[in-house]
Amino acid sequence: GGIITQTPKFLIGQEGQKLTLKCQQNFNHDTMYWYRQDSGKGLRLIYYSITENDLQKGDLSEGYDASREKKSSFSLTVTSAQKNEMAVFLCASSSERLFFGHGTKLSVL
Amino acid sequence: GMPVEQNPPALSLYEGADSGLRCNFSTTMKSVQWFQQNHRGRLITLFYLAQGTKENGRLKSTFNSKERYSTLHIKDAQLEDSGTYFCAAEDGDNSKLIWGLGTSLVVNP
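Line by line, the protein sequences give chains A and B. Position one of the first sequence corresponds to residue 88 (the working numbering), numbered consecutively onward. Position one of the second sequence corresponds to residue 42 (the working numbering), numbered consecutively onward.
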């Protein structure tokens, strides 16, 4: 079976800082996703990518950049962290079914 | 209304009980997935359905695209079933995955 690895698991940033989250998958899936989950809420799509070097904006793309330089990796950048922001960022890949990483918990001081 | 409406928002069961969760869709969906998010935040795919019914152990899921709903039935609930259950449906028009807001399930001894 495959695995999705997200790094780091925990990320503490300062207001205004640029922060990068990384995701690797060894399923050889074409499509990868970044979701944001706020406490007690569902998942919101930030960016997705259907193949290497492809980027598609989700519902929540403002304030984020993404990069898919290789099929196996998909990174997400928070362009300017917002004060007191707290959320979990989930990376996923799919053929039909979605497989998720463990998440990156972001806290902004 | 919401394109994917998930009910109930919260559910409390005793061990051994049976219960069901439901997602209603405002439009025709191509497929549905059900996920469990545990207390550590890990998301696991339970089912992917393009039609019909699937069973896996104590879980059973049905998807009726024409009638615009999907259900997840839990039989003989166990403590480890506690968590938040999400459905996500693939929009037939643009293949976007649309998430419900989740059902928070607590199984009590």
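Ideal placement from N, C-alpha and C gives every residue a C-beta, glycine not left out.
Under the three-state reduction of DSSP, which class applies to Asp-117/B: helix, strand or coil? DSSP places Asp-117/B in coil when its eight states are reduced to three.
Quick one: what does DSSP say Asp-122/B is sitting in, helix, strand or coil? In the three-state DSSP reduction, Asp-122/B falls in the helix class (H, G or I).
Comparing C-alpha positions only, which one of Phe-104/B, Thr-68/B, Thr-86/B, Ser-60/B sits nearest to Gly-42/B? Closest option to Gly-42/B, Cα to Cα, is Thr-68/B.
In three-state DSSP terms, what is Thr-69/B? The DSSP-derived three-state label of Thr-69/B is coil.
Under 8 Å between the Cβ atoms of Tyr-126/B and Thr-144/B? A contact, by the Cβ cut-off of 8 Å.
Neighbour-count burial assignment, Asp-39/B, 16 or more Cβ in a 10 Å radius: Only positions 42 to 150 of chain B appear in the structure, and residue 39/B is not among them; the question remains open.
Three-state class that DSSP yields for Phe-76/B in the structure shown: When secondary structure is reduced to three states using DSSP, Phe-76/B falls in the strand class.
Tell me which same chain residues have a C-beta within less than 6 Å of the C-beta of Val-147/B, skipping the five on either side of it? By the criterion of a C-beta distance shorter than 6 Å, Val-147/B is surrounded in its chain by Ser-53, Ser-123, once the five residues flanking it on both sides are discounted.
Considering Cα atoms alone, identify which of Phe-186/A, Asp-117/A, Phe-97/A is closest to Ser-136/A. Of the candidates Phe-186/A, Asp-117/A, Phe-97/A, the one whose C-alpha sits nearest the C-alpha of Ser-136/A is Asp-117/A.
DSSP state of Ala-58/B, grouped into three classes? Correct three-state label for Ala-58/B: coil.
Pick from Tyr-122/A, Phe-186/A, Ser-159/A, Ser-126/A: whose alpha carbon is nearest that of Tyr-134/A? Across the set Tyr-122/A, Phe-186/A, Ser-159/A, Ser-126/A, the C-alpha of Tyr-122/A shows the shortest separation from the C-alpha of Tyr-134/A.
Contact between the region 158–169 of chain A and the region 101–111 of chain A: three or more CB pairs below 8 Å? Yes, the region 158–169 of chain A is in contact with the region 101–111 of chain A.
Per DSSP, the bridge partner or partners of Gly-103/A: Under DSSP, Gly-103/A takes part in no beta bridge, so it has no partner.
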